[in-house]
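**Student:**
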Amino acid sequence: MLIPKQRAQQKGIRPLSNVDSILSSRALFFGEYARLPFNTSERRIVLQARIVSGCLHDHFGIIRDMICAKGYNLKLNSHDRSILSLAREMLESELMYVLNISADDASTYLREDIEKRQRDFNTQRYSSVDN
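If you're matching positions, the sequence shown starts at 14 in the numbering used here and goes up one per residue.
#1: Decide if residue 51 is buried, meaning its Cβ has at least 16 other Cβ atoms within 10 Å, or exposed.
#2: Thinking just about the alpha-carbon of each residue, which of 33, 34 and 81 is nearest to the one in residue 135?
#3: From residue 60 to residue 123, what distance separates their C-alpha atoms?
#4: Go ahead and pull the three-state DSSP assignment for residue 73.
#5: DSSP three-state call for residue 100: helix, strand or coil?
#6: Rounded to whole angstroms, what's the CA-CA distance from residue 57 to residue 65? Just pull it up for me.
#7: Just to confirm my understanding: we take residue 100, look at its own chain, exclude 5 residues before and 5 after, and list those with CB closer than 7 Å. What are they?
#8: Here's the rule I'm using: 16 or more other beta-carbon atoms within 10 Å means buried, otherwise exposed. How should residue 133 be labelled?
#9: Tell me where the alpha helix (DSSP H) around residue 55 begins and ends.
#10: Can you have a look at residue 104 and say buried or exposed, based on whether 16 or more other CB atoms are within 10 angstroms of its CB?
Structure below.
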């Protein structure tokens, strides 16, 4: 779909990313997480700003930070889970077009990364408790 550049900028629409930006954002996904605010109103504002940004690193970050929320006893509410789902859908779509893969393959790719991040987080969490 073609959209006039000025109109796209006004609406916050960005061009499709490239493989390098996916790989660099994915690397951040496996990096240090950011603690989300405990206050639900503050958390809603933070998450909404990150989802609206349209940036891959923000979408990967939403997923990473929510996965790691268990580490500091943050309970996710229905809005949080809705944002998480939206971030996943947006990333799957981006992966599908940039990597030229099917929707199922994009979903599998992201699911496997999420599972690996969860395992890594649990390993770090439990090893720090042992020390």
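Idealized CB from N, CA, C, for every residue including glycine.
**Tutor:** Quick look at the numbers:
#1: The residue is exposed, with fewer than 16 neighbouring Cβ atoms inside 10 Å.
#2: Nearest of 33, 34 and 81 to residue 135, Cα basis: 81.
#3: Residue 60 and residue 123: Cα-Cα distance of roughly 19 Å.
#4: The answer is helix: DSSP assigns residue 73 an H, G or I state.
#5: Collapsing the DSSP output to three states places residue 100 in a helix.
#6: When rounded, the distance between both Cα atoms is 12 Å.
#7: Once the five neighbours on either side are set aside, the close Cβ partners of residue 100 are 64, 72, 75 and 76.
#8: Looking at its Cβ environment, which holds fewer than 16 other Cβ atoms inside 10 Å, residue 133 is exposed.
#9: Annotation for residue 55: the continuous alpha helix (DSSP H) segment containing it runs 53 to 66.
#10: Answer is buried; the Cβ neighbour count reaches 16.
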